[in-house]
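Since the structure comes first, as structure tokens, the remarks are kept for the end.
2 protein chains.
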Amino acid sequence: MNSPNPNSPQPDPTSVPPAVVHRLSLYLRELRHRIADGNETTSSSQLGRRLGFTDAQVRKDLAHFGQFGHPGIGYRCNELVDAIRKILGTDREWRVALVGVGNLGRALLGYRGFYQQGFRLAAAFDADPEKVGTKIEGVEIFAIEDLAEVMSTHKIELGLVAVPASEAQAVTDQLVAAGVGGIVNFAPVTVTVPEGVSKVGVDLARELEQVTFAVANRQREQPET
Amino acid sequence: MNSPNPNSPQPDPTSVPPAVVHRLSLYLRELRHRIADGNETTSSSQLGRRLGFTDAQVRKDLAHFGQFGHPGIGYRCNELVDAIRKILGTDREWRVALVGVGNLGRALLGYRGFYQQGFRLAAAFDADPEKVGTKIEGVEIFAIEDLAEVMSTHKIELGLVAVPASEAQAVTDQLVAAGVGGIVNFAPVTVTVPEGVSKVGVDLARELEQVTFAVANRQREQPET
DNA sequence: CATTGTGAACTTATTCACAGCC
DNA sequence: GGCTGTGAATAAGTTCACAATG
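Chains as they are written, first to last, in the numbering used here: chain V, 8 to 232; chain A, 8 to 232.
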């Protein structure tokens, strides 16, 4: 191990466990906070302690992708941030569309965290003709019928699905047909996507259920996924 | 195995892996959809196929908590829904408070899925004096200074943290001091809670990062956590 | 001398496969 | 025949522990 050479392991990324990717983005977030606090370097044990993992876990996770540390020193925050962004693919901007401008959809349009991480909400869609043609948070709202065309002209790569459960699969199908690479589904239903399209589900009530289970069973705090 | 007897295994719930609890709430959601579609029963293989797991996985997960199935028949949907709700602790109402009535906070106040699953948003808090005293979606907004008192008079058990990252730890501490059993943290920072309090983190940008990783590395669809 | 990266040991989770049942 | 529950087998993930290093 000498000067960081991210080209050493570089394994088949298909074999990286999803849990590792989850933690990676947690490391990224924590590194940014450390930088904001004026730190130049950090270590696997520091990162681990802060996040509820062991130091070995942090190192093993990173080892999937290369060598980023400096023995005796730890990790240089900026260096590691850049490396993780590259791994996650967030070292560039991504154009994102939202479908469903309800309560949650509006919140997503206004969420500044997306912008800060390089996600550009370039278009929104809604079935309500009243909303079509208006702008919310500077994002124009289009009719669902125009989805394919707008997606193409705006070069959208990712979709956020924030429609009622009953509409989620149909909307997902349309996004996929329009060539989206992945979606985040906020509807409380499991949608299916073809192979080669990726998918993450966020269900707010389900998150609360994880807490009620723990409270009802008086468990101890879980590390953050 | 005969008539379901949920009292057989009934193991130390502390030993149940978090991943099992995640899937449990997915089973619950899917069961409800099946009931809504008019089905009386389902099977581990049907549930599994729909959700992207094996049938054995579904059965093993349930086996942590008892015996709920009927050989040759499968699971009676209503029966299993009741059992899972009991396990998750959602067989009763939970009183929930929201801290931070910004974009996301307002969306959470208006989210009907919470109500449907038995979560009652009984109070909201915000630092902005303009908002204090008003109501959004029928929920009254209080000053953060009054948090402890309001939490107690409204018998709040769970908290939703939807404040900026810089405030999240302080708010969490106040909720914990007010006796909350668990929190869902929407701020993009890892907060710490004492043992005995449970915590779930939801970071919208992180969810998108899981997708960009998959797209950037052309992976295949992941089963839903 | 603090800290990484990593093989080996261990632990946990998933799948297999089949007896028992409807 | 179809399906559950479960012990045994397998696979995956985590931690240990230590040689290598700036």
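Note that beta-carbon positions come from the ideal geometry of N, C-alpha and C, so glycine has one too. Computed from a predicted model, the values in this text were never measured in an experiment.
Got a sec? Which residues, its chain only, sit under 8 Å from Gln176 (chain V) by beta carbon, not counting five neighbours each side? Here Gln176 (chain V) has Val196, Val198 and Thr199 as same chain residues with Cβ atoms under 8 Å from its own Cβ, once five neighbours each way along the sequence are excluded.
When the cut-off is 8 Å and only beta carbons count, does Glu216 (chain V) lie next to chain A? At a cut-off of 8 Å between beta carbons, Glu216 (chain V) contacts chain A.
Could you tell me whether the Cβ atoms of Gly112 (chain V) and Leu105 (chain V) are closer together than 8 Å? Yes, these two residues count as a Cβ contact at 8 Å.
Quick one: is Val196 (chain A) near chain V, going by C-beta distance under 8 Å? So, interface residue.
Counting only C-beta atoms, is Asn46 (chain A) closer than 8 Å to chain V at any point? For Asn46 (chain A), the answer is no, since every Cβ of chain V falls outside 8 Å of its Cβ.
Could you have a look at Asn14 (chain V) and say whether DSSP puts it in helix, strand or coil? A caution first: Asn14 (chain V) carries a pLDDT of 41, below 50, which makes its placement in the model too unreliable to give a value.
Sequence-distant residues of the same chain with beta carbon closer than 7 Å to Val139 (chain A), five excluded per side: Only Asp133, Ile148, Phe149 and Ala150 meet the Cβ criterion.
Kindly list, in the order they appear in chain A, the residues whose Cβ is closer than 9 Å to that of Arg57 (chain V). Those within 9 Å of Arg57 (chain V) in chain A are Thr197 and Thr199.
Chain V beta carbons: is any one of them nearer than 8 Å to that of Glu231 (chain A)? True, the Cβ-Cβ gap to chain V drops below 8 Å.
With DSSP as the reference, identify every bridge partner of Ala150 (chain A), one or two as the case may be. Answer by DSSP bridge pairing, in chain order: A:Asp133.
Spatial neighbours of Gln124 (chain A) in its chain, beta-carbon cut-off 8 Å, leaving aside the 5 residues before and after: Thr97.
Could one say the Cβ of Leu69 (chain V) lies closer than 8 Å to chain A's Cβ atoms, at least one of them? Chain A contact via Cβ: absent.
At the 8 Å Cβ level, is Gln53 (chain V) part of the contact set with chain A, yes or no? Using beta-carbon distances, Gln53 (chain V) does not count as an interface residue toward chain A, since no partner is under 8 Å.
Chain V within 8 Å of Tyr118 (chain A), Cβ atoms only: Using a Cβ-Cβ cut-off of 8 Å, Tyr118 (chain A) counts as an interface residue toward chain V, since at least one Cβ of chain V sits closer than that to its own.
Cross-strand partners of Leu182 (chain V) (DSSP beta bridge): Per DSSP, Leu182 (chain V) has no beta-bridge partner at all.
Residues within the region 122-134 of chain V neighbouring chain A, beta-carbon criterion of under 8 Å: Per Cβ criterion, the list reads Gln123, Gln124 and Phe126.
How about Ala175 (chain V): is its C-beta nearer than 8 Å to some C-beta of chain A? For Ala175 (chain V), no CB of chain A lies under 8 Å from its own CB, so it is not counted at the interface with that chain.
If we ignore side chains and look at the alpha-carbon of each, how far apart do Val183 (chain V) and Val204 (chain V) end up? Taking the Cα positions, Val183 (chain V) is about 8 Å away from Val204 (chain V).
Does the region 108-122 of chain A come into contact with the region 78-96 of chain A, if we say contact requires no fewer than three beta-carbon pairs (one atom in each stretch) closer than 8 Å? Using a C-beta cut-off of 8 Å, the region 108-122 of chain A makes no contact with the region 78-96 of chain A, since fewer than three inter-stretch Cβ pairs fall below that distance.
Tell me whether the region 208-224 of chain A and the region 32-45 of chain V touch, counting them as touching only if at least three CB pairs, one residue from each stretch, are closer than 8 Å. These segments touch.
Beta-carbon of Arg113 (chain A) versus every beta-carbon of chain V: anything under 8 Å? So, interface residue.
For His161 (chain A), which residues in chain V fall below 9 Å Cβ to Cβ? Result: empty, since nearest Cβ-Cβ is about 17 Å, beyond 9 Å.
Go to Arg99 (chain V), then tell me how far its alpha helix (DSSP H) extends in each direction, as first and last residue. Taken as a continuous stretch (DSSP letters only), Arg99 (chain V) belongs to no alpha helix (DSSP H), as it is neither H nor E.
Rounded to a whole number of angstroms, what is the C-alpha to C-alpha distance between Ala155 (chain A) and Leu31 (chain V)? Between Ala155 (chain A) and Leu31 (chain V), the C-alpha separation is close to 36 Å.
Beta-carbon contacts of Gly188 (chain A) that lie in its chain and below 8 Å, excluding the five residues immediately before and after: Answer for Gly188 (chain A): Glu164, Leu165, Val204 and Ser205, listed in chain order.
Between the C-alpha atoms of Ala70 (chain V) and His29 (chain V), what's the straight-line distance to the nearest angstrom? Ala70 (chain V) and His29 (chain V): Cα-Cα distance of roughly 15 Å.
Closer than 6 Å by C-beta to Val207 (chain A): which residues in its own chain qualify, once you throw out the five before and the five after it? Chain order, please. Closer than 6 Å at Cβ, skipping near neighbours: Val191.
Using a Cβ cut-off of 8 Å (strictly closer), state whether His29 (chain A) contacts chain V. Using beta-carbon distances, His29 (chain A) counts as an interface residue toward chain V, with a partner under 8 Å.
Pairwise C-alpha distance: Leu116 (chain V) and Ile80 (chain V): For Ile80 (chain V) and Leu116 (chain V), the gap between their C-alpha atoms comes out near 41 Å.
Straight-line CA distance for Ile94 (chain V) to Thr141 (chain A)? For the pair Ile94 (chain V) and Thr141 (chain A), the Cα-to-Cα distance works out to about 45 Å.
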